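Under my numbering, the first residue of the sequence shown is numbered 21, with each subsequent residue one higher. Worksheet: the structure to be examined is printed underneath.
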Amino acid sequence: MDFVVTPTAEHFDIDAHRLGEHSQDETRTFPDGEVYVQLEALASIDRATVIHSGQPHPNRGLAYLYGVLDLLRTNGCTITLVFTYVPYCRQDSEFYAGTLNYARSLLRMVTDCYGVDRIYAVDPHFSHQEWIRDFPVERLEAYPLIHERVEMEDYVVVGPDLGAVERFDIPGFEKTRTGARDVELAGEFDVGGQNVLVFDDLIATGGTMVSAFERLKDQDAATVQAAAIHGVLEDGVERVRETDDTLYLTNTIAREAADIGAEPLIENTVPG
Ligand code: R5P
């Protein structure tokens with residue numbers, strides 16, 4: 021079995037094939053913005069595990085991903101796909117009439133069109149949705165990697181919102197979005213004098229984590245540290261780092277602040 025990384029997954033410390041660069045300009049995009057997809061080792065690969073992160077550059081990333089999958093499928097390979105972060109994973113419902121559930125559409129595309137027969141996804145935002153039962157998806161859980169790194173002696177784990185209750189079975193606040201980058205949280209936890217780890221699947225604008233920090237400090241928590249699996253937006257990650265006492269972040273997306281390697285999830289869980 022061979023690992024193949026798409027450009028957004030090249031930061032993983034894993035022995036894998038990378039896409040080639042175009043000989044004319046040594047990049048993997050043409051001047052008009054279209055992607056260049058070449059896998060030199062293609063002819064020698066029978067079974068491939070493709071590793072892809074949906075950020076940064078979610079749209080360009082998909083163009084590479086679909087290209088690699090098509091090359092492998094056309095060459096008769098068996099394909100397993102690992103999403104360290106699933107692109108479009110937050111668009112996981114028909115929020116309004118006529119809205120595309122993009123996450124479901126994407127899984128349909130990779131299985132039905134590109135013949136992927138197994139998908140692994142690190143804590144996808146849609147892990148609690150009914151529709152994922154229609155797909156051969158297995159969740160890789162990153163929390164144990166974070167837990168190993170937390171330096172507080174005794175601490176309680178709290179989610180910033182009710183999504184955390186569904187995804188991780190931990191208590192969470194009720195959240196109302198008040199603007200593109202801001203939220204309001206409601207609810208009380210008995211955290212007076214205690215160390216608290218606020219744990220969420222992802223940080224986008226950082227508004228959720230920052231509000232959780234403020235609310236927990238108002239409730240007299242001694243220390244509030246933040247932990248997230250996916251650092252979706254660089255600005256949001258920085259905002260949380262500037263606010264919370266500490267941020268633990270995995271490298272499912274390549275971010276400067278991400279110092280918890282997700283590689284063990286791939287190497288120890290995905291069958292060779
Ligand atoms: C919500 O469902 C997610 O789990 C996160 O809480 C949310 O997307 C974080 O967004 P932001 O960082 O923009 O507040």
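Glycine included, C-beta positions come from ideal geometry on N, C-alpha and C. Small disclaimer: the values here were computed from a predicted structure and weren't measured.
Less than 9 Å divides the Cβ of Thr104 from the Cβ of Ile273. By the Cβ test, the segment 38-56 is not in contact with the segment 249-256, since fewer than three Cβ pairs between them sit closer than 8 Å. For a cut-off of 8 Å, the C-beta gap from Leu160 to Ala141 is around 7 Å, short enough to register as a contact. Annotation for Asp255: the continuous alpha helix (DSSP H) segment containing it runs 254-263. Shown here, Ala278 sits in coil according to DSSP, grouped into three states, outside any helix or strand. DSSP places Ala248 in the strand class (E or B) of the three-state scheme. Per DSSP, the beta-bridge partners of Ser73 are Tyr105. Every unbroken stretch of the beta strand (DSSP E) spanning 3 or more residues and falling wholly within the segment 153-206 is given here in chain order: 157-160, 176-178, 194-197, 203-206.
Cα atoms of Tyr86 and Leu62: separation of roughly 15 Å, rounded to the nearest angstrom.
Phe219 is bridged by DSSP to Ala247.
Nearest C-alpha to Phe146 among Leu127, Arg138, Leu236: Leu127.
Residue pairing for Phe146: DSSP places it in no beta bridge. Using a cutoff of 8 Å, the CB of Gly183 counts as near the ligand R5P, since one of the ligand's heavy atoms is closer than that. Proximity of the beta carbon of Pro180 to the ligand R5P is indicated: a heavy atom of the ligand is located closer than 8 Å. The segment 28-45 makes no contact with the segment 215-231: fewer than 3 CB pairs, one atom from each, lie closer than 8 Å.
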